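Scroll down for the structure; my scribbles are underneath it.
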Amino acid sequence: MDTIAQKILMALTGLFLCLFLVVHLVGNLPLLMPLPAAQLRFNAYSEALSHNPLIRLASLVTLASVLVHTLVSLVLTRRNRSARSVRYAVARPAETSPWYARRMGLLGTILLLFLLVHMRTFWWEYKFGEVGVDAAGRRDLYGVVVAAFQAEWYTALYVLCMGALGYHLLHGVASASRTLGLHHRRYGRWLEGLGITFAVGVSAGFAVLPVFVYIMRG
Ligand code: HEM
5 MDTIAQKILM ALTGLFLCLF LVVHLVGNLP LLMPLPAAQL RFNAYSEALS HNPLIRLASL
65 VTLASVLVHT LVSLVLTRRN RSARSVRYAV ARPAETSPWY ARRMGLLGTI LLLFLLVHMR
125 TFWWEYKFGE VGVDAAGRRD LYGVVVAAFQ AEWYTALYVL CMGALGYHLL HGVASASRTL
185 GLHHRRYGRW LEGLGITFAV GVSAGFAVLP VFVYIMRG
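Residue numbers (our numbering): 5 to 222.
As structure tokens, then:
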């Protein structure tokens, strides 16, 4: 596969994961409701999702997108390194690109490790753990989330990882829109603003949830 096709694959899987993030964030918003609505709504939503075959398919596509996005990024990085076998004598990358654009690999690795921890805490626990039931008799995923964010270090880890997510999205969305040729002369600035709003909004939105649960449900 040539470099352009690989970049397009990175952009498409990245944009699909952005869509997942929006749906996931909206699905987690009931956590902010007053009790007992927060618990009942959150558990009802999780149960509805886990029984929906379309959502199960979307889960598989999400997992596949994470894998493809990671593997292709490794191939592209290797290619870029071997294409430039002699390093620049004077390298001043800071003058041409911000630090987070040059650290996408590091930010992506942090997110991958975050995902492993995240899936172990919530997804694994919900599927295979001993989870209690709420007043409506549904598996109490809400209780699992509240219990996880009682620990200061775990809450702080989430907030830090959401910082990494924000910077990864900041460069990722801009880069994907350039790869897909969405950078129109007239709408370029508008699109750039939309990308920044998305990156800041999604990462800040996710960071608020653990902090809210830690402070309000502790
Ligand atoms: C910070 C606030 C977040 C909370 C409270 C949260 C909560 C949850 C919960 C409760 C589940 C289990 C749901 C289930 O299996 O039915 C889950 C699954 C998942 N979360 Fe999160 N999440 C958060 C942030 C994130 C972020 C930032 C990402 C990605 C970078 C992410 C990626 C995932 C994935 C991939 C799954 C598995 C979904 C599936 O089974 O299709 N989550 N999350």
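Glycine residues also receive a C-beta, built at the ideal position from the N, C-alpha and C atoms. This structure is a prediction, so every number in the text was calculated from the model and none was measured.
By the Cβ neighbour-count rule, Q154 is exposed, with fewer than 16 other Cβ atoms within 10 Å of its own.
For V148, same chain residues with a beta-carbon under 7 angstroms away, outside a window of 5 residues either side, are F126, E129, Y130 and V135 in chain order. Cβ atoms of A42 and L35 come within 8 angstroms of each other, at about 6 angstroms. In this chain, G141 is not harboured by any alpha helix (DSSP H), its DSSP state being neither H nor E.
Here H55 is exposed: its Cβ has fewer than 16 other Cβ atoms, across all protein chains shown, within 10 Å. Under the DSSP assignment, M108 falls in the alpha helix (DSSP H) whose first and last residues are M108 to H122. In this structure, Y191 has its CB at a distance of at least 7 angstroms from all heavy atoms of the ligand HEM. No residue range can be given for N56, since it is assigned to no alpha helix (DSSP H) and is classified by DSSP as neither H nor E.
The continuous alpha helix (DSSP H) containing V217 extends over residues G192 to M220.
Excluding five sequence positions before and after H187, the CB atoms of its chain that fall closer than 8 angstroms to its own CB belong to S181 and L195, given in chain order.
In this model, R83 and V204 are separated by some 31 angstroms (Cα to Cα). With fewer than 16 other beta carbons inside 10 angstroms of its own, Y191 counts as exposed. Annotated three-state conformation of M14 is helix, per DSSP. Relative to the ligand HEM, L213 has its C-beta within less than 7 angstroms of a heavy atom. Annotation: the continuous alpha helix (DSSP H) that includes E156 extends over E156 to T183. Here DSSP, grouped into helix, strand and coil, assigns L36 to helix. Cβ-Cβ distances below 8 angstroms link V79 to Q10 in the same chain, with the five nearest sequence neighbours on each side left out; the list follows chain order.
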